[in-house]
Amino acid sequence: MTSALKSQTPHLFIPSTPSPLQKSNSDLALNKLKNDAGYRDTVYKDKDAQCQLVIDNLKQKGFIPSNLVDNEVNWFYTSLGIDDTYFKLETVDTISDHIISLYAAKLVAYTKHRPDKSLDIDLQKERENDAIFIHSPKSGSNVEEIIDSKYFNSKDAHWRMETYRSSHLRCYFLAKCKLPETISTNGDVNIRTVADPLFLEKASNNTLDIYQRILNQVDVRAGPVVEGFEIEGSTEHRIVIGYKRGTTKAFFSTLTNLYHFYGLYSTRKFVEHFSNGSVIVSLYLNKDPLTPAPPISHSVVQIVREVSLIYCLPDNPFFSRAAESEPGKGNAVQEATYAYIGYIYITHFCNRLGTAYEALKSILDESNPNHAGVLADLKKRFREETFTKTAILEVIKTYPELVRLLYTQFAMSHYPAGGDDAEQLVPTLSHQRLQEVNVFSDEELHNKLVKSTRNQFELQVLESFMVFNKHVLKTNFYQPTKVALSFRLDGDFLPIQEYPQKPYGVFFVVGSDFQGFHVRFKDVARGGIRILRSRDAENYGTNQRMLFDECFNLASTQSLKNKDIPEGGSKGVILPDLNANPQLSFERYVDSIIDLLIPGSSPGIKEPIVDLLGKQEILFLGPDEGTAGFMDWAAFHARSRGAEWWKSFTTGKTAESLGGIPHDTYGMTSRSVRQYYVGILDKLAMDEENTTKVQTGGPDGDLGSNEILLSKDKTVAIVDGSGVIYDPVGLNRDELTRLATARVMINQFDLKKLSKDGYRVLCEDKDIRLPSGEMVADGTQFRNGYHLRVKAEVLIPCGGRPQAINISNVNQLFDAEGKPHFKIIVEGANLFVTQQARLVLEKRGVILIRDSSANKGGVTSSSLEVLAGLALNEDEYVNLMMYKDGKPSEFYNNYVKDIQDIIASNATLEFNCIWKEHQRLNGQESRTIISDKLSSTLNKLQLELESSDSLFRDIERRKKVLAKAMPKTLVEYVGIDTLIERLPESYQKALFACQISRFCYTYGPAASQVEFYLYMSQF
1 MTSALKSQTP HLFIPSTPSP LQKSNSDLAL NKLKNDAGYR DTVYKDKDAQ CQLVIDNLKQ
61 KGFIPSNLVD NEVNWFYTSL GIDDTYFKLE TVDTISDHII SLYAAKLVAY TKHRPDKSLD
121 IDLQKEREND AIFIHSPKSG SNVEEIIDSK YFNSKDAHWR METYRSSHLR CYFLAKCKLP
181 ETISTNGDVN IRTVADPLFL EKASNNTLDI YQRILNQVDV RAGPVVEGFE IEGSTEHRIV
241 IGYKRGTTKA FFSTLTNLYH FYGLYSTRKF VEHFSNGSVI VSLYLNKDPL TPAPPISHSV
301 VQIVREVSLI YCLPDNPFFS RAAESEPGKG NAVQEATYAY IGYIYITHFC NRLGTAYEAL
361 KSILDESNPN HAGVLADLKK RFREETFTKT AILEVIKTYP ELVRLLYTQF AMSHYPAGGD
421 DAEQLVPTLS HQRLQEVNVF SDEELHNKLV KSTRNQFELQ VLESFMVFNK HVLKTNFYQP
481 TKVALSFRLD GDFLPIQEYP QKPYGVFFVV GSDFQGFHVR FKDVARGGIR ILRSRDAENY
541 GTNQRMLFDE CFNLASTQSL KNKDIPEGGS KGVILPDLNA NPQLSFERYV DSIIDLLIPG
601 SSPGIKEPIV DLLGKQEILF LGPDEGTAGF MDWAAFHARS RGAEWWKSFT TGKTAESLGG
661 IPHDTYGMTS RSVRQYYVGI LDKLAMDEEN TTKVQTGGPD GDLGSNEILL SKDKTVAIVD
721 GSGVIYDPVG LNRDELTRLA TARVMINQFD LKKLSKDGYR VLCEDKDIRL PSGEMVADGT
781 QFRNGYHLRV KAEVLIPCGG RPQAINISNV NQLFDAEGKP HFKIIVEGAN LFVTQQARLV
841 LEKRGVILIR DSSANKGGVT SSSLEVLAGL ALNEDEYVNL MMYKDGKPSE FYNNYVKDIQ
901 DIIASNATLE FNCIWKEHQR LNGQESRTII SDKLSSTLNK LQLELESSDS LFRDIERRKK
961 VLAKAMPKTL VEYVGIDTLI ERLPESYQKA LFACQISRFC YTYGPAASQV EFYLYMSQF
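In this text, residue positions in the sequence shown follow UniProt numbering: the first is 1, and each later residue adds one.
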């Protein structure tokens, strides 16, 4: 092992570690194993007797000349190296049929003048409980892909496999496991209680010890567990890999491609399944002694390090399989993984608009809704057609040598011990290619790209790799136990013409069956994680094209919404593949981001990463669409990874077990929306009980259910995931309350409680006649467009897809005389109305409150949940925030009440400010623009205050400001001095700035310096 590699490669497994997910910083050294430490050989004692029975059987069948039968059978039994497992499992008739098949193959080879040794042998037998595959190397190239697909890719598959290689053949023996009942182990599993009896019979004691260690780790770890061994007295090496069943696919066959790339072959391989959901793969590897350097131990170490790359991306299209016949050729796993990540990155970020779009944009007036609509349509079309995935893929495959140079540039920055020393990096780029690596400067590399590519399109694709390299600040690419690949980028890589607001940071995550982003606009930022589900392949393609834009826009909106809290806006969006498990995608997404948050210098936590950001980051995550039930897992997982900030890592946690403050239980988001709704009714002197309202988002949702429970209006229509329900006299309030309390959709509404003119149309309905006589051909289409046809005084969007009302359909919200369908719109659901559509609606007389103002109660609650996690020590948190005997503490109840009061106060302050400013300007500026300006003013002022120390360093003033900024229950219990000791300074600054900036609510977004002075005098 080279000295450089020895100093850089850590252990992947620690037998006695305080946390099951901790990783060591010590050197990776291959442990020694005795030569008899594997599996016991199968010995079939009746083999000779069976052989004679096969001879007799073949002579009776007569297909092979009688005088040749003995030689053919003896050749089959003794010369091909078939393991005794085959003879023990198979019947005389099956063996006879296989020998006849081989004899026929010899005849075919003779007619083609081919020697016996080039026979194409391909024998297989698949039954209900076992299967056998025997093939020569030439004829069995896809056997392992078949085995992966049929026997290993299903989460419910329970098959054990043994495979052996001889000089002529490779034999695969599969048997359905006879596993004991699944038991809950919690990291303390006894291998003898979860293993197949045949495995226990064949495994040596040493193998049982190794597997026991790995099982204990797999049971609690998110990713693969890998150990490498040298076998004493042999050139053979052994690699043992454990992982959770169903967490990867095509892994077994891709492992073969991996070690073939390094010029190694396997003599034996074993796959074992266990009833606790674990899988263990054991490989015995060797190399041709005539193959040139490096030594096998170097290659084995490299394979051990790269296992997690193929675990994360087992079907990477850039991983060359040319290694089957030419070891060392094609793309190494690291280079192929980099190429694939670059490919995904380019599909999202390659400049898709170009100069023609920019020229058109400069001509058209974006404030004109029609012009804005044209530009929006053109932008969407350019993105879909300019840089197609197929075209990008073809460019990357055309220039593997350029991609290799680009990868070298990436590795020089991010390999943990690489730095500027190219010689140290040589082994990591590819053990099989130890030639000198050319490390180009940025200018030299760009010139190389310019000279090597054929056109501007190709150059732009490859230049995007350089942009990616330049802006990645840290990555888990070289972490050996990762479950997905994560990259922390700065915000400068985004083209300003498309993203004029630069984010503070972007996390980019790619897994085997999902992609995801996390965008944040401040160092201290908080926002929910959303899972974007796809109905079909076409919908998935649309979601994929818009994935980053949806994340960016949600984070930007969150930034406006978070003006009342210390955390800036952030948002995460995860796009699982069509058949992926959404929860598993979420878990991998979170785990791979945690890889980048735990300080690399923390002893025993994890292997260090190169951190070009150079400062500690803490993310605060919350629930969003599809992730409400996953917040507990994320908090527990952060704790198991050794993160000291686990209590504040997620919000929306279960109150009973983790001290969370659920928004739905306490109506946090709805309380903010309600303040705007009732505030407008009060200004217009409207009686709520006689006000007609349409609601999108049903009684099954957080916002929808609480809107029903808190309101007392005449709700005439509700649109939710199941369909539409309408009653012109108002839907029965008692029935709505029943549904909202039970959190079920309107498909559970008792139709006997509708008036004669009321109706319900579910998504699955076809050809339904309404009371008016109108026919509804398709329930789903009717549901999707219902908000554009129904009329009432008020529309409260509490759910629905973003951009449901946009510049293309906004005119449908007005009748022929130009009268709006709704007098008031309070946008509870995020991004339900686009900005252009909001301006059109307001210009034509609709009173509209946008989402960033109305929907901020939930973020306030989540922020104060984070504050509790940061401010209370672990004992206090357990005693005060977690339920005891199913009941909350007095502190918890008081803290929740404080939060509700703060939400109502914040919403009232902002509503009055917006209304007053609109009147001051004589209605010449829309409330949407006033809301945006107010948010921007607050956010800008907060950033200025955070970057200035002059006010913050005055300790007495700081105490007064922070005491007013925090819930009184917390301040009274902990004390302001202790709170200042406990809270991170960056958080204190953000909280301090947030409280001071609130003077804008009192004096308006155009407040003067004098008014600021007057406000500060109270402190």
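Heads up, the beta-carbon is just placed ideally off N, CA and C, and yes, glycines get one too.
Spatial neighbours of residue 1033 in its chain, beta-carbon cut-off 6 Å, leaving aside the 5 residues before and after: With the chain covering only 1 through 1019, there is no way to say anything about residue 1033.
Inter-residue Cα distance where the pair is F548 and D720: 26 Å
Residue from I134, G263, K693 and P314 with nearest C-alpha to I295: Note on residue identity: the sequence assigns Pro, not Ile, to residue 295. Ranking I134, G263, K693 and P314 by Cα distance to P295 puts G263 first.
Cut-off 6 Å between Cβ atoms - residues of its own chain near P327, not counting five sequence neighbours on either side: Confidence at P327 is low in this model, with a pLDDT of 45, below 50, so the placement of that residue should be treated as unreliable; the coordinate-derived value is given next. Closer than 6 Å at Cβ, skipping near neighbours: G263.
C-alpha gap between M546 and T347, whole angstroms: 11 Å
Per DSSP, cross-strand counterpart(s) of C171: DSSP lists I134 and Y164 as partners of C171.
Minimum C-alpha distance to Q52 - residue among I746, T91 and G81: Its Cα nearest to that of Q52, the residue T91 stands out among I746, T91 and G81.
Nearest-angstrom Cα separation, counted from Q334 out to P427: Any reading at P427 must be qualified, since the residue scores a pLDDT of 41, below 50, and its modelled position is unreliable; the value itself is stated next. If you take the alpha carbons of P427 and Q334, they lie about 12 Å apart.
Residues near F649 in its chain [Cβ-Cβ closer than 6 Å; skip 5 each side]: A635 and A638
Extent of the continuous alpha helix (DSSP H) run through L459: Q456 to H471
C-alpha distance - K448 paired with I661, whole-angstrom precision: 56 Å
Spatial neighbours of T42 in its chain, beta-carbon cut-off 7 Å, leaving aside the 5 residues before and after: D83, D84, T85 and K88
Residues that A339 bridges to, as DSSP identifies them: Beta-bridge pairing links A339 to no other residue.
Residues near D932 by beta carbon distance below 8 Å, same chain, minus five either side: L560, R850 and S852
Cβ-Cβ separation, V673 to I496 (assumed contact under 8 Å), whole Å: Not a contact, Cβ separation roughly 34 Å.
The region 856-867 contacting the region 668-687, beta-carbon criterion three pairs below 8 Å: yes
C-beta contact flag for K125 and T94 at 7 Å: Their beta carbons are under 7 Å apart, which means K125 touches T94 by this criterion.
CB of Y343 within 7 Å of CB of I396, strictly: yes
Same chain, Cβ closer than 7 Å to H158, neighbours up to 5 away in sequence not counted: K176, C177, L179 and H273
Spatial distance of Q424 from H663 (CA atoms): Low per-residue confidence applies at Q424: pLDDT is 42, beneath 50, and the placement is therefore not dependable, though the value from the model is reported in the following sentence. Roughly 52 Å between the two C-alpha positions.
Separation of V790 from T834, as counted between CA atoms: 19 Å
Cutoff 6 Å; reference K647; Cβ partners in own chain excluding five residues on either side: Within the same chain, and ignoring the five residues on either side of K647 in sequence, the residues whose Cβ sits closer than 6 Å to its Cβ are G869 and Y877.
Pick from V143, K940, L864 and H237 that is closest to L983, judged by C-alpha positions: L864
Where F477 falls: helix, strand or coil (DSSP): coil
Touch test, the region 731-749 against the region 771-779, Cβ-Cβ under 8 Å, three pairs minimum: no
Beta-carbon contacts of D48 that lie in its chain and below 8 Å, excluding the five residues immediately before and after: none
Secondary structure of T267, DSSP reduced to three states: strand
Option nearest F457 by Cα separation, candidates N879, V519 and T388: Nearest C-alpha to F457 among N879, V519 and T388: T388.
Per-residue burial, L644 [other beta carbons within 10 Å of its own, 16 or more giving buried]: Position check: residue 644 holds Glu in this sequence, whereas Leu was assumed. E644 comes out exposed.
Residue environment, T665, which counts as buried when at least 16 other CB atoms sit within 10 Å: Per the 10 Å Cβ criterion, exposed.
Bridge partner(s) assigned by DSSP for V776: For V776, which the question treats as bridged, DSSP gives the partners I768.
Assumed close pair K653, M631 - CB separation to whole angstroms, cut-off 8 Å: 5 Å
Same chain, Cβ closer than 7 Å to residue 1031, neighbours up to 5 away in sequence not counted: Here the chain comprises residues numbered 1 to 1019, so residue 1031 is not present and cannot be evaluated.
Own chain residues within Cβ distance below 7 Å of G730, not counting five before or after: K714, T715 and V716
Where V729 falls: helix, strand or coil (DSSP): coil
Simplified DSSP state of D122, which is helix, strand or coil: strand
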